[in-house]
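So the protein sequences, as listed, match chains F and A. Quick note on numbering: the numbering used here labels position 80 of the first sequence as 80, and the sequence is numbered without any gaps. Quick note on numbering: the numbering used here labels position 70 of the second sequence as 1070, and the sequence is numbered without any gaps.
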Amino acid sequence: MNARTGIIGALLVVVAVVLLIVLSGGEDDGGDTTTGGSAVSSETGKGKGREGGKQAQTGTKPQVPTIVVDENGEPVGGVAEITVSKGDEVRFKVKSAIAEEIHVHGYDLMKDVEAGGTVSFAFPAEIEGIFEAELEGHAEQILELRVEP
Amino acid sequence: MSFLPLAHALASRQDLPVPDWLFAWGASIVLIVSFFALAAGWRSPRFEQLHERPLGAGISRALLGLPVQALCGLVGVLLLGVAVYAGLEGTVAPDRNFALTFVFVTCWLGFPFFSAILGDVFRPFNPWRAIGRLAGGGFRLIAGQRPAHLAYPERLGRWPAVVGLLAVVWLEVVYGKGGVGFDPHTVAVAALVYSGYALAMMAVFGVEEWCERGEVFSVYFGMFGRLGIFGTRDGRLERRRPFSAATTWATVPGSAALVIASIATTSFDGGQEGAFKDPLESLTEWFVDQDISLVTSLRLSGTVFMLLCFALVAGVYLLGIRGMRTVPGAPDLAKLRTGFAHTLIPIALAYLVAHYFSFFVFQEQAQFTYLLSDPLGTGTTDLFGTAGSGVDYTILTANTIWYIQVASLLAGHVMGLVLAHDRALVYWSDYRRATASQYWMLAVMVAFTCFGLYLLSVANG
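Right, dumping it as C-alpha cells:
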C-alpha cells in the first residue's frame, strides 16, 4: 500500500465513521417510537375535520380512526395511514356514503358496508409490510396500513 | 380509479423502507469495503480467465442434443401460448390472470435470478428462437440450402436490445401506471406484436445472430447468464468460474447501455413510490395543467423520469470512464466505455434482487398455486387443485427482507469492484496506474451502491 492509498483510505474511513454517527444519531428516535406499541397512530388527514371532534371528546379511550367515504367513493381527506407494530391490534372504522365492499389486502379481509353505514375492523397485525385497504367496486384505495417489526 | 405501479396491481403487500440505522451501516460498510479493495491491490487478474472444465460428453450430448432442445423449445412455445391465451381470454383483473405474473414476474425476474447462478437458462426455452430454428430447418429441408440472411450491421451492436429493454419496462411500469390499459389483454397483444417483430428480424438477420444482439429477452437474460457457472462452447457444456464469463460479454456496441438501462429502470421503479414520488406528482400536475388528460400526464411524467434515470446512471458511468482516461497509458474512450461495462452487471443484478426479491418470492406462490390451476381467473377452473390457495406473506419477515436487500447491494458492489480492478490490470501493464484508474471506478460503484441503498431507505415512504 503506498502513501496515497493510505491517505485516501484514511479519509474514507473518517467519512464512513462520520456518516455512521450522523445517521445513527437520528435513529434512536425513529427506531423506538414504533415499538412503543400503544396501538394505533393514525393520520386521516382532513378526514379528522368531520370525525376528529367526536374522537377528541371520547377523552382517554384509545381512538379508533374513522375513514369517511363520500358519495363519489373517495376517502375524505385522502388515503388514511395507520402504522402499528407487529402483534398490535389494527382497529379502524369506515363510514361510507355508498354501499361498498372493503378489502384489506394481504390480510385478505372483506367486509360489506351499506350506504350511510359504518363498519369496524379489528384484527391482529401479524404480517409485516405495507398494505392497502380499498373499495373493491371503485378500486379506490382508502387506507395504507404499515406493520413494522 | 387508483394509479399504482405494477407491484401494487399484482401483490397485496409492499416492502417497508430500510430503516435509517441499517442504511447507515450499509453505506459505511460500502466505504470501508471499497478502501480494502484498493488496499488489497492484487496484481494479476483473477476473473479474466474462465477456467472452464468441460462436463462429461454424455451429459453434454443429452442436454444439448436435438431431443432435449426441441422439448425445451416446445415448452417455451407452449407457455408463451398459454400466457397469450390467458391474456386474451381470461379475466381483466391483473392479479387473477396467469399472463401478467408469468410474463413480468416469473420470466422477467426469474430468468435473471436463475441465470446469474446457473448460466443462460433462457436460451433453450426461448420460444422465438425455437420457432425460428424450426422454420430454418424446414427451409433447408425444402430448398436444400441454408436461408440467406442480411449481414447484421455491426455498429448497431446490442442497441436494438437496449431500446427493447426500455420498451418492456416502460410498458410494465409507466404505461401500466395509469391503471388503465395495462391489463392482461394489453400484455397479450404486446406479446403477439413482439413475436411478429422478433420472428421477422430472425428471418432477416438469422436466428442466432438476432438472439445474440437484438432479441431483448435473450440479450438481457444472457447478460446475467454470464455470471453463472455453466456455459457452452463448441457444442459442449462446461463449468466455469462464477462471474468470469462476464469478462467476455461486453465486446459489441450498446453493451454498456444495456446494463445502464437495467440499473436505470430498476432505479426508476424502486423510486417512483419513494425518492421520485413528489417530483413525479409535481410534473404530472404540470402536464395536467397543460390540458393533458390525467392518464397521459402520468405516462408522460413517468417517461420523463425513466429517461432522466437513464441519463443519470449513464452520466455517472461516463464520468468514471472520462476520469480513467486521464490516467497515463489509458486506452481510448470507446474501448474503456465498452471494456468496463461488464463490471456493472453484478450491480444491475443487486438492484434487481434488492427491489424485487420479496415481490418475486410472494408472487411466485401465486404463480404456482391459483394462477396455475386457474390461469384465466374464471373462478371455476381448478386444474391442479390449488386454485383455492393463497400467498403466505409470513414466510419473509421485514428484517429478513432488509438484510437480503442490503447484503445483495454490498455483494454486487464488491463483485463490481473486483471485476473492474481485474480489467484495469489488463489495460494498464503497470499495476500502480491500474490502481490509480480504479479510484474512478470506485467512485462510480460507491455512487451506485449508495444510491441503491438510498432508494431502499425511502422506498414506499
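The beta carbon of each residue, even a glycine, is placed where N, CA and C say it ideally should be.
Helix, strand or coil for residue i per DSSP?
{"i": "Ser1012/A", "result": "coil"}
{"i": "Ile142/F", "result": "strand"}
{"i": "Ile1321/A", "result": "helix"}
{"i": "Arg1337/A", "result": "helix"}
{"i": "His1355/A", "result": "helix"}
{"i": "Arg1226/A", "result": "coil"}
{"i": "His103/F", "result": "strand"}
{"i": "Leu109/F", "result": "strand"}
{"i": "Gly1231/A", "result": "strand"}
{"i": "Ile1292/A", "result": "coil"}
{"i": "Ile82/F", "result": "strand"}
{"i": "Val1121/A", "result": "coil"}
{"i": "Gly1416/A", "result": "helix"}
{"i": "Leu1080/A", "result": "helix"}
{"i": "Pro1019/A", "result": "coil"}
{"i": "Leu1396/A", "result": "coil"}
{"i": "Leu135/F", "result": "strand"}
{"i": "Pro1184/A", "result": "helix"}
{"i": "Pro1331/A", "result": "coil"}
{"i": "Pro1253/A", "result": "coil"}
{"i": "His1421/A", "result": "helix"}
{"i": "Val1391/A", "result": "coil"}
{"i": "Tyr1152/A", "result": "coil"}
{"i": "Ser1437/A", "result": "helix"}
{"i": "Phe1384/A", "result": "coil"}
{"i": "Phe1047/A", "result": "coil"}
{"i": "Leu1061/A", "result": "Note that residue 1061/A is Arg in the sequence shown here, rather than Leu. Three-state DSSP puts Arg1061/A in a helix."}
{"i": "Arg50/F", "result": "Only weak support exists for where Arg50/F lies, its pLDDT of 38 falling under 50; the coordinates are left without a value."}
{"i": "Trp1286/A", "result": "helix"}
{"i": "Gln63/F", "result": "coil"}
{"i": "Arg1133/A", "result": "helix"}
{"i": "Phe1102/A", "result": "helix"}
{"i": "Glu1215/A", "result": "coil"}
{"i": "Ala1161/A", "result": "helix"}
Does the Cβ of residue i have 16 or more other Cβ atoms within 10 Å, making it buried, or fewer, making it exposed?
{"i": "Val76/F", "result": "buried"}
{"i": "Gly1056/A", "result": "exposed"}
{"i": "Phe121/F", "result": "buried"}
{"i": "Arg1240/A", "result": "buried"}
{"i": "Leu1022/A", "result": "buried"}
{"i": "Leu1150/A", "result": "exposed"}
{"i": "Gly1412/A", "result": "buried"}
{"i": "Phe1360/A", "result": "buried"}
{"i": "Asp1015/A", "result": "buried"}
{"i": "Ser1012/A", "result": "buried"}
{"i": "Met110/F", "result": "exposed"}
Quick one, which of the options has its alpha-carbon nearest residue i's?
{"i": "Ala1250/A", "options": "Glu1212/A, Val1168/A, Arg1096/A, Pro1279/A", "result": "Glu1212/A"}
{"i": "Val64/F", "options": "Glu126/F, Glu134/F, His103/F, Glu89/F", "result": "Glu89/F"}
{"i": "Leu1352/A", "options": "Thr1378/A, Ser1282/A, Leu1109/A", "result": "Leu1109/A"}
{"i": "Gly1222/A", "options": "Phe1114/A, Val1295/A, Cys1309/A, Ile1142/A", "result": "Phe1114/A"}
{"i": "Ala1350/A", "options": "Phe1224/A, Pro1127/A, Ala1203/A, Leu1171/A", "result": "Phe1224/A"}
{"i": "Gln1367/A", "options": "Leu1063/A, Leu1066/A, Phe1102/A", "result": "Phe1102/A"}
{"i": "Val1189/A", "options": "Arg1155/A, Gln1014/A, Ala1083/A, Leu1071/A", "result": "Ala1083/A"}
{"i": "Leu1165/A", "options": "Leu1066/A, Val1187/A, Ile1260/A", "result": "Ile1260/A"}
{"i": "Val1077/A", "options": "Ser1195/A, Leu1118/A, Met1201/A, Pro1054/A", "result": "Ser1195/A"}
{"i": "Thr1369/A", "options": "Leu1376/A, Phe1362/A, Thr1386/A", "result": "Thr1386/A"}
{"i": "Pro1112/A", "options": "Ala1348/A, Ala1275/A, Phe1451/A", "result": "Ala1348/A"}
{"i": "Ile1404/A", "options": "Tyr1356/A, Phe1243/A, Leu1308/A", "result": "Tyr1356/A"}
{"i": "Leu1283/A", "options": "Leu1300/A, Phe1268/A, Gly1274/A", "result": "Leu1300/A"}
{"i": "Leu1442/A", "options": "Ala1039/A, Pro1375/A, Leu1050/A", "result": "Ala1039/A"}
Check the Cβ of residue i against every Cβ in chain F and list those closer than 9 Å, keeping chain order.
{"i": "Arg1043/A", "result": "None at all; the shortest Cβ gap to chain F is about 13 Å."}
{"i": "Gly1379/A", "result": "Chain F residues near Gly1379/A: none, gap ~15 Å exceeds 9 Å."}
So residue i contacts chain A; which residues on that side make the cut at Cβ distance below 8 Å?
{"i": "Glu148/F", "result": "Leu1016, Ala1398"}
{"i": "Glu74/F", "result": "Residues of chain A passing the Cβ test: none, with the nearest at roughly 10 Å."}
{"i": "Glu126/F", "result": "Thr1394"}
Counting only Cβ pairs nearer than 7 Å, list the residues of chain F close to residue i.
{"i": "Asn1460/A", "result": "Ile130"}
So who's on the other strand from residue i, going by DSSP bridges?
{"i": "Ser1429/A", "result": "None, per the DSSP bridge assignment."}
{"i": "Pro1054/A", "result": "Glu1238/A"}
{"i": "Pro156/F", "result": "The question about residue 156/F has no answer, for chain F in this structure spans 1 to 149."}
{"i": "Lys95/F", "result": "Val68/F, Thr118/F"}
{"i": "Ile130/F", "result": "Arg146/F, Gln1014/A"}
{"i": "Pro75/F", "result": "Val69/F"}
Counting only Cβ pairs nearer than 7 Å, list the residues of chain A close to residue i.
{"i": "Gly106/F", "result": "Ser1012, Arg1013, Tyr1393"}
For residue i, go through chain F and note every residue whose CB falls closer than 8 Å to its CB, in chain order.
{"i": "Gly1452/A", "result": "Going along chain F, no residue has its Cβ under 8 Å from Gly1452/A, so there is no contact; the nearest lies around 16 Å."}
{"i": "Gly1390/A", "result": "Asp108"}
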